[in-house]
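One structure is given here, and the rest of the page talks about it.
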Amino acid sequence: MGSAIWALLAYIAIIVVWNGVLKRNIGEAMLIGFLGVCLFGGTGFFGLAWAGISDALAEEVVFAALAFVFMGYLLTKLGLIQEQVTVLNSIFGRLRGGAGYVSTSAAALLGGPAGSGSGIAASVGSVTIPWMTRSNWRPDLGAALVAGNAGLGISIPPSSSMFLLLGSAAVAPVLTADQLFVPAFVGGLWTVLYRFIVVFVWVRRHRIEATDAADLIPLRAALRAGWASLLVYAGIAVPVVLTLDFGVKWMESRVGEAADDISIVVWIPVLTVLATLAVAWKRLPRTGRAWSELLGDMAPRYVVIGATLFFAFAAAASLGELGLVDQLTAIMKELDAPAVVIATLVGLLIVIIAAPLTGTATIAAVGGVAFSALTAAGVAPAAAATAIMIFASTEGASPPGAAPIYIASGIAGIDPARIFGRLIIWFVVPILALGVLVATGVLPI
3 MGSAIWALLA
13 YIAIIVVWNG
23 VLKRNIGEAM
33 LIGFLGVCLF
43 GGTGFFGLAW
53 AGISDALAEE
63 VVFAALAFVF
73 MGYLLTKLGL
83 IQEQVTVLNS
93 IFGRLRGGAG
103 YVSTSAAALL
113 GGPAGSGSGI
123 AASVGSVTIP
133 WMTRSNWRPD
143 LGAALVAGNA
153 GLGISIPPSS
163 SMFLLLGSAA
173 VAPVLTADQL
183 FVPAFVGGLW
193 TVLYRFIVVF
203 VWVRRHRIEA
213 TDAADLIPLR
223 AALRAGWASL
233 LVYAGIAVPV
243 VLTLDFGVKW
253 MESRVGEAAD
263 DISIVVWIPV
273 LTVLATLAVA
283 WKRLPRTGRA
293 WSELLGDMAP
303 RYVVIGATLF
313 FAFAAAASLG
323 ELGLVDQLTA
333 IMKELDAPAV
343 VIATLVGLLI
353 VIIAAPLTGT
363 ATIAAVGGVA
373 FSALTAAGVA
383 PAAAATAIMI
393 FASTEGASPP
403 GAAPIYIASG
413 IAGIDPARIF
423 GRLIIWFVVP
433 ILALGVLVAT
443 GVLPI
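Start counting the sequence shown at 3; every next residue gets the next number (the numbering used here).
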C-alpha cells in the first residue's frame, strides 16, 4: 500500500484513540489527526500542511456550517423555534416520531436541487433537529438522522454528482442522462425507503411517543401566533428555487453566466440568517452590552465545530496531496472476481475515499474507474452508475471526516463522536449493502 493509504489509516486511528479512548475534545482530535497525516510528507511536512490549510480556508462549507450554528442559536434564543415547533406539532404531533419522518422527507425533496450533503444537513437540520428535541427525540438521535439523511444529496437525481459521473470518459460513450435518470431515481428511492424504516425502528426502539394531545394547539391558533416565525425559511426556499430549471433561466436572464457561480451552500445560510434577523427585529438586543452577552453565550460552540470542520477539510486536502485517490484507484483497477465480490469491493473503496473527501469529489476522482470495474464484471451500465452514486452517498455519515456530522452535531449541541458508531451501523454499512444489491440486480431499478 502507498503512503497515502497508510496516512488515511493513521488519521482514522488517531481520531478514534484521541477522542474515543482518551476522551479528548473532537476538535483537538481532528487537529492531531491532521498533523499525523502531514508527518507522512516527511521533509515536505510544512508544504503538505500548508496545502491542507489553504484548501480548508477556501472551503465554503466551513462558513456555511458556522453560519447555520449561529442561525440555530438565534432562533432558539429569540424564541422563534418554540413558535415553529408549536405550528409543526399541531400538524404532525399526533404521529409518533413525526418530526423524524418530516426530516427524512425534507432531505429527500431537497436531495436533487441541493446536490450537497452539507447543504441538506444545514438547511434541514436547522429546522428539524430543534423540533425533534422538543418532541421526545434525544438530541444525538436527531443529529444522527440528519447526518445519515445528508447522503440523499448524492443519491437523488438530478444531482451534480450524476452529471460528473456521466461526463467521465468511461461512462459518456455508453450511458446518457436520459438512460440513467429513471434507474438512478428508483435507486435513490430505495435509499429513502430504507431511511423511513430506520425512523420507524428508532421510534419504537427508543420509545419516542407522539406529543401529548393536551400540549397540542389547534393549527389555526398556532398559525395565528407563530406564522411569522416560518418566514425565516424563505432563506432556504429562494436559493433552492433558483437551482431549478426556471430559476436558473431567470437568473441567467438577469446576471448572465455569473448565475453559474451562485453557491446554494453559501446563500442558504446567509439569507436565512438575514431573514431571522428581520423577523425577530423587535426581539434583538438594543445595546452593545446585550449583544456582547448574546454572542458570548454561543462562543463555546464555535470552538469545537469550527476547529473540527476546518481540520477535517485540511486533512482531506493533505491526503489528496499525498496521492490517496491515485493509490486507491490503482487497487480498484486490479480487481478481478465475481460481480457480487467486485461490487462489494468497489463499494468499500468508494466509501473509504468518500469518508475524508465529499461524495462529489469521490465520483469526480474515481467514478469512471469504478464504472469500468463494475461493467467489466457484468453489471449493467445503468445499474453500475446508480450503485456508484449510492456508494458515494455514504459521505454524509462516514466518520470521522464527514462535514454533515459536525453540522448536525453543532445544531444539536452534542459531541459528534457520540454518533459515530450509530452512523456506521445504521447508515454506512446498510447503504453500502443497498448499492451492492442494486449492482447485482437483487433490487430492481
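Note that beta-carbon positions come from the ideal geometry of N, C-alpha and C, so glycine has one too.
Assign residue i to one of three DSSP states: helix, strand, or coil.
| i | result |
| --- | --- |
| residue 241 | helix |
| residue 105 | helix |
| residue 204 | helix |
| residue 328 | helix |
| residue 79 | helix |
| residue 24 | coil |
| residue 209 | coil |
| residue 420 | helix |
| residue 430 | helix |
| residue 138 | coil |
| residue 340 | coil |
| residue 256 | helix |
| residue 39 | helix |
| residue 249 | helix |
| residue 131 | helix |
| residue 49 | helix |
What is the rounded straight-line gap between the Cα of residue i and the Cα of residue j?
| i | j | result |
| --- | --- | --- |
| residue 36 | residue 233 | 40 angstroms |
| residue 318 | residue 430 | 19 angstroms |
| residue 38 | residue 17 | 10 angstroms |
| residue 213 | residue 191 | 29 angstroms |
| residue 355 | residue 316 | 15 angstroms |
| residue 252 | residue 244 | 8 angstroms |
| residue 79 | residue 90 | 19 angstroms |
| residue 65 | residue 139 | 28 angstroms |
| residue 7 | residue 407 | 23 angstroms |
| residue 437 | residue 390 | 7 angstroms |
Between the beta-carbon of residue i and the beta-carbon of residue j, is there less than 9 angstroms?
| i | j | result |
| --- | --- | --- |
| residue 395 | residue 14 | no |
| residue 130 | residue 198 | no |
| residue 167 | residue 173 | yes |
| residue 273 | residue 237 | yes |
| residue 268 | residue 73 | no |
| residue 9 | residue 324 | yes |
| residue 125 | residue 270 | yes |
| residue 440 | residue 189 | yes |
| residue 381 | residue 341 | yes |
| residue 384 | residue 86 | no |
How should residue i be labelled, buried or exposed, when 16 other C-beta atoms within 10 angstroms of its C-beta is the threshold for buried?
| i | result |
| --- | --- |
| residue 45 | exposed |
| residue 400 | buried |
| residue 283 | exposed |
| residue 209 | exposed |
| residue 434 | buried |
| residue 339 | exposed |
| residue 471 | Given a span of 3 to 447 for the chain in the structure shown, any question on residue 471 remains unanswerable. |
| residue 280 | exposed |
| residue 220 | exposed |
| residue 51 | buried |
| residue 230 | exposed |
Determine, using beta carbons only, whether residue i comes closer than 9 angstroms to chain B.
| i | result |
| --- | --- |
| residue 82 | The question asks about chain B, but that chain is absent: this structure has only one protein chain. |
Does any heavy atom of the ligand COA sit closer than 8 angstroms to the C-beta of residue i?
| i | result |
| --- | --- |
| residue 166 | No copy of the ligand COA occurs in the structure displayed, which carries no ligand at all. |
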